[in-house]
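Residue numbers (the numbering used here): 6 to 208.
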C-alpha cells in the first residue's frame, strides 16, 4: 500500500450505517441520512453516561421524545415543524454519541462544529431550514432543560434544589406522562416510538 493510500485509510472520516449509507462526518450529505439509522442509533446511546436508575439505559431517543412532549404540553399550538425540530435536536448523536455537557466544555469548538454540520444536514434531509431561527432554538432549549430537570431528579440522583440550579424549574408534566416518559424503555421500544412520532410530525 502506498503512503498516500495508507494516509487516506488512517484518516477515514465516514461511518457505515446499517442502511448501507456511508455518512461523511466532515462533509455530511443529506442524501446519506436515513431516519431508520437515526432511530436505531439514538435508541442505543445512553443519556447521563449511563448513570441512571432502571433496568435499561435512558436513551437519547427517549430523551428527544420527552423534550417534544414537554414542548407539546406547554405550547400545544406550536407549529408541527417546531415539534419536529425538537424531536431531531439531538439527532447528530446517532453518529457522535452523547457527551455530557461538562466534557463538551473541555473539548471546546471542534465537537460543536461537527455536531452543527450534522444537524444542518439532518434538517435539510427532513425539510427543515439548515439553521432554525433564534426563537425556535429558544423554545427547543427551554423544553430540553425541562426534560433534563425531570431526568436529573427522577433518574440521575440529583436533589431538586441542585436540578433547579442547573436546569431551571420543573416543567410540571402530568403524572401519567412522567410515569411513561421517565421509565427507561428497551432499545427496541425507544426505536419504535421514535419512528412512530417522527412519522406523525414529518408530513
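Glycine included, each C-beta is placed from N, C-alpha and C at the ideal position.
Predicted model only: the values in this text are computed from it and were never measured.
DSSP-derived helix/strand/coil call for residue i
| i | result |
| --- | --- |
| residue 169 | helix |
| residue 10 | Per-residue confidence for residue 10 stands at a pLDDT of 45, beneath the threshold of 50, marking its modelled position as unreliable; no derived number is given. |
| residue 210 | Residue 210 lies beyond the range of the chain shown here (6 to 208); nothing can be said about it. |
| residue 135 | coil |
| residue 51 | strand |
| residue 82 | coil |
| residue 34 | coil |
| residue 115 | helix |
| residue 56 | coil |
Closer than 8 Å to chain B by CB, residue i
| i | result |
| --- | --- |
| residue 29 | The displayed structure is made up of one protein chain only, and chain B is not part of it. |
Expected contact under 8 Å - CB spacing of residue i and residue j to nearest Å
| i | j | result |
| --- | --- | --- |
| residue 69 | residue 199 | 7 Å |
| residue 55 | residue 99 | Wrong, their Cβ atoms sit about 17 Å apart, outside the cutoff. |
| residue 195 | residue 48 | 4 Å |
| residue 89 | residue 133 | 7 Å |
| residue 75 | residue 178 | 7 Å |
| residue 71 | residue 152 | 4 Å |
| residue 145 | residue 94 | 5 Å |
| residue 42 | residue 26 | 7 Å |
| residue 137 | residue 160 | About 28 Å separates the two Cβ atoms, so there is no contact after all. |
Other residues of its chain near residue i: CB distance less than 7 Å, five sequence neighbours each side excluded
| i | result |
| --- | --- |
| residue 150 | 172 and 173 |
| residue 204 | none |
| residue 14 | For residue 14, the predicted model reports a pLDDT of 47, less than 50, meaning its position is unreliable and no value from the coordinates is stated. |
Contacts around residue i, its chain only, beta-carbon distance under 8 Å, and the 5 residues preceding and following it disregarded
| i | result |
| --- | --- |
| residue 32 | 122 |
| residue 64 | 47, 48, 49, 50, 51, 52, 189, 190, 192 and 195 |
| residue 166 | none |
| residue 141 | 87 and 90 |
| residue 182 | 74 and 78 |
Cβ neighbours of residue i in the same chain (closer than 6 Å, five flanking residues each side left out)
| i | result |
| --- | --- |
| residue 191 | 61 |
| residue 97 | 120, 123 and 124 |
| residue 169 | none |
| residue 11 | Unreliable positioning characterises residue 11 in this predicted model, as indicated by a pLDDT of 41, which lies under 50. A coordinate reading is not provided. |
Given 8 Å, three or more beta-carbon pairs between the segment 79-91 and the segment 152-162: no
The segment 125-132 in contact with the segment 47-60 per 3-pair CB rule at 8 Å: no
Given 8 Å, three or more beta-carbon pairs between the segment 38-51 and the segment 19-27: yes
With a floor of 4 residues, list each alpha helix (DSSP H) that falls wholly inside the segment 151-202, ordered by position along the chain. 165-172 and 180-186
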